[in-house]
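Student: Residue numbers (this note's numbering), protein chains in the order written: chain A, 7 to 279; chain B, 15 to 287.
Glycine is no exception: its CB is placed at the ideal position from the N, C-alpha and C atoms.
Only a predicted model underlies this, so the values are computations on that prediction, with no experimental measurement involved.
Provided herewith is a single structure, encoded as structure tokens, for subsequent inquiry.
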């Protein structure tokens, strides 16, 4: 028992517990904010600006996202950490490729879902939240959606953990379910912070529901339930294609992939022809 | 404290960040379109003074123009809560409340976008990263932020090279949706593969330099800070907290909102109903 160790202090049990606590607090903050918004919404939005709800939505979701980032980031191994900037740029660059093909999808979560599949739910959640934070340097309107992006990364990681990426047809199903949950969580942000959606197409769908007399939150939630599951199902399928197109040597670098056997294991590792 | 006699030309990044956060929080708490527009205008003037207006104006326009259009269609034509009907075309009704809501939300989002774009276009990212690391924000966050912002141009160059290489092998962009998807795959797979390979090399380089060590780091970059700036930050954040607390407690003194009556009187032919 030396009194003063001269080696680097290893992150002790207390540090690990603190980070776990931060993660849990972040998740609780996001969940509590969502429940509060859904419970209090009807009276608020009809009499003009929902100042209080906006502050709660912004504060609660952002606090949750930041806690998640601070809790998860220091626990990630360097090999995963260096992938996060790549994933964030992929979110933008692959969106650009899609734009050049003229297909009507956005695909702004491909990098996030790819990280989640390779490195697990915690890394996925941190990547999603970070993606919104860093992207907000170019487009500040994505910042409030950080909690929704974190949820997408977390659910994608869970899907990978329980083997939904082992069968190709299960990945879009997982994406569809993720899209439903992510859409429902993001809708209050669109309603209370921005008072609507930014795309003209999505705006038309919201308008249609409003014309039928829905409240703004209900209309935006229904619109999200139309758009998001489709988008996420395609994104999950694209990530499955990418993950299987990568050489196994690359995917097996990741402990998460090895440990939970995330990708279907065709063990016929042929020597390079 | 050598900077006290010669105040730096650019404020400390934390001062700018505190000012941006406080401005956004107070604007949201006040919830008045006039205040929001004033904040947006002040940001525009500051942008002109600091010489970033040429970059900020197109960035803000790309975000705000479709958003405003969407708000105008959504709330201008369909606002079931509206009572003061200005025009009635069957399903679509133009109401003063709807236009007022669109104006409120549009102005508030404009203020929010302008405030944060002004921050991100004037802040020096290396300074911001250095300051955050000194404040015990996990160094991984600074790495992700700085790396993403510098990686983006490099990746779009790489994508252009991949596209050229594939085109020289006979890739044809365009054609039916299936051929476009195939073309997208031929670009995405090499891009993702090479990005993951590069990231692996960076991880080794970072590990070799003790990136994941938990010790405090010495920074070569000395970001000047002054007592006046520290005081300004404290005051700005206190004001923001007070405004938010006042709004959340429901004690906010009601400001004159959208001038419904005046607007209705301006309407030719009076207001039906």
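1) Give the straight-line distance between the Cα atoms of residue 220 (chain A) and residue 256 (chain A), rounded to the nearest whole angstrom.
2) Taking only the alpha-carbon atoms, compute the straight-line gap between residue 55 (chain A) and residue 209 (chain A) and give it to the nearest angstrom.
3) What's the call for residue 267 (chain A), buried or exposed, on a 16-neighbour Cβ count within 10 Å?
4) Quick check: the Cα distance between residue 202 (chain A) and residue 38 (chain A), rounded to an integer number of angstroms?
5) Any beta carbon of chain B sitting closer than 7 Å to that of residue 275 (chain A)?
6) From residue 75 (chain A) to residue 238 (chain B), what distance separates their C-alpha atoms?
7) Alpha carbon to alpha carbon, how far is residue 234 (chain B) from residue 79 (chain B)?
8) Nearest to residue 128 (chain B) by CA position, among B:247, B:223, B:25 and B:62, is which residue?
9) On the DSSP bridge list, what partners appear for residue 101 (chain B)?
10) Closer than 7 Å by C-beta to residue 69 (chain A): which residues in its own chain qualify, once you throw out the five before and the five after it? Chain order, please.
11) Is the CB of residue 143 (chain A) under 7 Å away from at least one CB in chain B?
12) Does chain B have any CB closer than 7 Å to the CB of residue 126 (chain A)?
13) Do you know how far the Cα of residue 156 (chain A) is from the Cα of residue 82 (chain A)?
14) Give the straight-line distance between the Cα atoms of residue 145 (chain B) and residue 125 (chain A), rounded to the nearest whole angstrom.
15) Is DSSP giving residue 144 (chain A) helix, strand or coil here?
16) If contact is defined by three or more beta carbon pairs under 8 Å, each pair taking one atom from either stretch, is the stretch 148–164 of chain B in contact with the stretch 49–57 of chain B?
17) Counting Cβ pairs closer than 8 Å, one from the stretch 133–153 of chain A and one from the stretch 228–236 of chain A, do we hit at least three?
18) Give me the subset of the stretch 164–193 of chain A whose CB atoms are less than 7 Å from a CB atom of chain B, sorted by chain position.
19) Checking contacts by CB at 7 Å: is residue 162 (chain A) closer than that to chain B?
20) What residue range does the alpha helix (DSSP H) around residue 212 (chain B) cover?
21) Identify the continuous alpha helix (DSSP H) that holds residue 161 (chain B) and give its terminal residues.
22) When you compare only the Cα positions, how much space is there between residue 61 (chain A) and residue 199 (chain A)?
23) Considering just the uninterrupted stretch of the alpha helix (DSSP H) at residue 146 (chain B), what are its terminal residues?
24) Sorted by chain position, which residues of the same chain lie with C-beta nearer than 7 Å to residue 136 (chain B)'s C-beta, five sequence neighbours on each side aside?
25) DSSP three-state call for residue 239 (chain B): helix, strand or coil?
26) Restricting to Cα atoms, I'd like to know which of B:47, B:209 and B:190 is closest to residue 118 (chain B).
27) Given this structure, state the Cα-to-Cα distance separating residue 253 (chain A) from residue 139 (chain B), to the nearest angstrom.
28) Select from the stretch 144–175 of chain B all residues with a C-beta closer than 8 Å to any C-beta belonging to chain A, and list them in chain order.
29) Which stretch, first to last residue, makes up the alpha helix (DSSP H) that contains residue 162 (chain A)?
30) Determine the DSSP secondary structure at residue 54 (chain A), reduced to helix, strand or coil.
31) Using a C-beta to C-beta distance shorter than 9 Å, which residues of chain B count as neighbours of residue 263 (chain A)?
32) Which bits of chain B does residue 146 (chain A) rub up against, with CB to CB less than 7 Å?
33) When the distance is taken between beta carbons, is residue 142 (chain B) closer than 7 Å to residue 57 (chain B)?
34) Compare the C-beta of residue 227 (chain A) with all C-beta atoms of chain B and state if any pair is closer than 7 Å.
35) In chain A, which residues lie with their C-beta within 7 Å of the C-beta of residue 94 (chain B)?
36) Measure the alpha-carbon distance for residue 88 (chain A) versus residue 117 (chain A) and round it to whole angstroms.
Tutor: In terms of the structure at hand:
1) Rounded to whole angstroms, residue 220 (chain A) to residue 256 (chain A) spans 49 Å at the Cα level.
2) Because residue 55 (chain A) carries a pLDDT of 48, less than 50, the predicted location of this residue cannot be relied on, and the following value inherits that uncertainty. Here the alpha carbons of residue 209 (chain A) and residue 55 (chain A) stand approximately 19 Å from one another.
3) Looking at its Cβ environment, which holds fewer than 16 other Cβ atoms inside 10 Å, residue 267 (chain A) is exposed.
4) Going by the C-alpha atoms only, they are around 22 Å apart.
5) Because residue 275 (chain A) carries a pLDDT of 47, less than 50, the predicted location of this residue cannot be relied on, and the following value inherits that uncertainty. Not one chain B Cβ lies under 7 Å of residue 275 (chain A).
6) So the two alpha carbons sit approximately 27 Å from each other.
7) Straight-line Cα distance between these residues: approximately 42 Å.
8) Minimum Cα distance to residue 128 (chain B) is reached at B:62.
9) Partner(s): B:108.
10) Sequence-distant partners of residue 69 (chain A) (beyond 5 residues in either direction) whose C-beta falls short of 7 Å from its own C-beta, in its chain, are 35.
11) Taking a beta-carbon distance threshold of 7 Å, residue 143 (chain A) counts as an interface residue toward chain B.
12) No, its Cβ sits nowhere closer than 7 Å to a Cβ of chain B.
13) Distance between the alpha carbons of residue 82 (chain A) and residue 156 (chain A): 16 Å.
14) If you take the alpha carbons of residue 145 (chain B) and residue 125 (chain A), they lie about 29 Å apart.
15) In the three-state reduction of the DSSP assignment, residue 144 (chain A) falls in the coil class.
16) Counting C-beta pairs with one atom in each stretch, the stretch 49–57 of chain B and the stretch 148–164 of chain B have fewer than three that are closer than 8 Å, which means they do not touch.
17) Note that the stretch 133–153 of chain A does not touch the stretch 228–236 of chain A; fewer than 3 beta-carbon pairs, one per stretch, sit closer than 8 Å.
18) Closer than 7 Å at the C-beta level to chain B, one finds no residue of the stretch 164–193 of chain A.
19) Not closer than 7 Å to any Cβ of chain B, the Cβ of residue 162 (chain A) fails to qualify, so no.
20) Judged by DSSP secondary structure, residue 212 (chain B) falls within the alpha helix (DSSP H) whose first and last residues are 191–222.
21) Where residue 161 (chain B) is concerned, the enclosing alpha helix (DSSP H) starts and stops at 153–182.
22) Rounded to whole angstroms, residue 61 (chain A) to residue 199 (chain A) spans 8 Å at the Cα level.
23) Its alpha helix (DSSP H) spans residues 139–148.
24) Contacts found: 30, 64 and 66.
25) Coil at residue 239 (chain B), not helix or strand.
26) Sorting B:47, B:209 and B:190 by C-alpha distance to the C-alpha of residue 118 (chain B) places B:47 at the top.
27) If I take the Cα positions, the gap works out to 35 Å.
28) Cβ contacts with chain A: 151, 152, 154, 155, 157, 158, 159, 161, 162, 163, 165, 166, 169, 170 and 173.
29) Per DSSP, residue 162 (chain A) belongs to the alpha helix (DSSP H) from 152–167.
30) With a pLDDT of 46 at residue 54 (chain A), under the threshold of 50, the predicted position of this residue should be treated as unreliable, though the coordinate-derived value follows. Here residue 54 (chain A) sits in coil by DSSP.
31) Going along chain B, no residue has its Cβ under 9 Å from residue 263 (chain A), so there is no contact; the nearest lies around 12 Å.
32) In chain order, 126, 127, 130 and 131 make up the part of chain B whose C-beta sits under 7 Å from the C-beta of residue 146 (chain A).
33) Between residue 57 (chain B) and residue 142 (chain B), the CB-CB gap reaches or exceeds 7 Å.
34) Under the Cβ distance rule, residue 227 (chain A) does not count among the residues neighbouring chain B, no pair being separated by less than 7 Å.
35) Within chain A, the C-beta atoms nearer than 7 Å to that of residue 94 (chain B) come from 216 and 219, in chain order.
36) If you draw a straight line from the Cα of residue 88 (chain A) to the Cα of residue 117 (chain A), it comes to about 13 Å.
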